[in-house]
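Numbering (the working numbering), first residue to last: 141 to 215.
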C-alpha cells in the first residue's frame with residue numbers, strides 16, 4: 141500500500157490515523173493499527189484494508205491485536 145493512501149485513511153471508530161502493523165506474506169502490511177484513542181487493529185486482505193468497525197480488533201486482544209499505545213487512554 142502506498143504511503144499516501146494510508147495517510148488519507150482514518151479509523152472508523154475514533155477517526156485516528158493508521159499505521160502499518162505486522163508484515164504480511166507479500167511484504168505489505170497484514171494489518172493497520174489505529175494511532176488514535178481506540179488503538180484498534182484492522183485486517184488487510186489481498187492488499188485491501190477492511191476498515192469496518194465490526195471487523196476491528198481491540199488493543200491487546202490476543203494474536204493480531206494491537207498492543208496498547210503508550211500514553212493512550214485505557215478503556
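For every residue, glycine included, the Cβ atom is placed at its ideal position computed from N, Cα and C.
Neighbourhood of residue i by C-beta distance below 6 Å, restricted to the same chain and skipping five residues each side
i: residue 92; result: There is no way to answer for residue 92, as the model of the chain reaches only from 141 to 215.
Buried versus exposed call for residue i [16 or more other C-beta atoms within 10 Å across all chains shown]
i: residue 163; result: exposed
i: residue 192; result: exposed
i: residue 165; result: exposed
i: residue 143; result: exposed
Beta-carbon separation (whole angstroms), residue i vs residue j, contact threshold 8 Å
i: residue 155; j: residue 176; result: 7 Å
i: residue 187; j: residue 168; result: 6 Å
Contacting residues, own chain, Cβ-Cβ under 7 Å from residue i (five flanking each side not counted)
i: residue 171; result: 161, 162, 181, 182, 183, 184, 204
i: residue 215; result: The pLDDT assigned to residue 215 is 42, lower than 50, so where the model puts this residue is not dependable; a value taken from the coordinates is nonetheless given after this. Taken in chain order, the list of residues that qualify is empty.
i: residue 151; result: 158, 174, 176, 178, 180
i: residue 195; result: 182, 183
Residues near residue i by beta carbon distance below 8 Å, same chain, minus five either side
i: residue 190; result: 182, 183, 184
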